[in-house]
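Asks: Numbering (the UniProt record's numbering), first residue to last: 1 to 161.
The beta carbon of each residue, even a glycine, is placed where N, CA and C say it ideally should be.
Mind looking over this structure? Questions follow.
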């Protein structure tokens with residue numbers, strides 16, 4: 001089953017809202033944890049940046065192995081996430097864009113038999129590459145919404161009275 005048109009469109013464009021969400025904020029502002037026990041908007045961005053190559057690597061394993069198994073991703077255990085969280089915003093933004101370009105080109109070029117191959121998520125069970133892609137996009141949307149919430153709170157705290 002090929003990627004649906006709507007999935008392909010979301011893969012190509014969903015992430016574009018990120019620049020709108022963070023426009024007008026300085027990097028120190030984005031790094032502010034407006035909810036102390038939650039990630040900052042910047043950490044959310046770092047997570048999205050690190051998550052793409054991890055997802056790409058999972059896809060490659062599904063393509064090459066017979067039903068590989070995957071543990072749920074834990075960002076705090078990922079050295080790339082920790083690295084991204086320390087890097088300047090222009091670097092992670094560039095990496096995010098580059099990784100997305102690679103991911104889009106890879107996924108849209110896969111033939112149907114490959115898109116049907118499955119990998120087993122320890123929590124969600126066997127998923128085809130098409131289903132993994134849907135999960136990826138929903139996961140990303142969740143974090144984009146978190147960034148929306150955090151920047152809205154941030155905007156409310158920096159607005160002149």
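1) Can you check the UniProt domain "DinB-like" (11-144) for any alpha helix (DSSP H) of at least 4 residues that lies completely inside it and give the ranges in chain order?
2) Take residue 158 and list the residues in its own chain whose beta-carbon comes closer than 6 Å to its own, dropping the five residues that flank it on each side.
3) Within 10 angstroms of the Cβ of residue 150, are there 16 or more other Cβ atoms? Answer buried if so, exposed if not.
4) Could you check what DSSP says for residue 198 in three-state terms: helix, strand or coil?
5) Determine the direct distance from the alpha carbon of residue 25 to that of residue 143, and round the result to whole angstroms.
6) Using 8 Å as the cut-off, can you tell me whether the stretch 65-85 makes contact with the stretch 119-137, which would need three or more C-beta pairs spanning the two stretches below that distance?
7) For the stretch 100-119 and the stretch 31-44, state whether three or more C-beta atom pairs, one from each stretch, are separated by less than 8 Å.
8) Can you list, in chain order, the residues of its chain with a C-beta nearer than 7 Å to that of residue 10? Leave out the 5 residues immediately preceding and following it.
9) How would you call residue 13, buried or exposed, if buried means at least 16 neighbouring beta carbons within 10 angstroms?
10) Whose C-beta lies closer than 7 Å to the C-beta of residue 63 among residues of the same chain, with five residues either side of it excluded?
11) For residue 57, is the beta carbon positioned less than 7 Å from some heavy atom of the ligand HEM?
Replies: Taking the structure as given:
1) 17-22, 27-30, 41-64, 79-86, 89-109, 112-115
2) none
3) buried
4) For residue 198 there is no data in the structure shown, the boundaries of the chain being 1 and 161.
5) 18 Å
6) yes
7) no
8) 137
9) exposed
10) 114, 117
11) The ligand HEM is not part of the structure shown, which contains no ligands of any sort.
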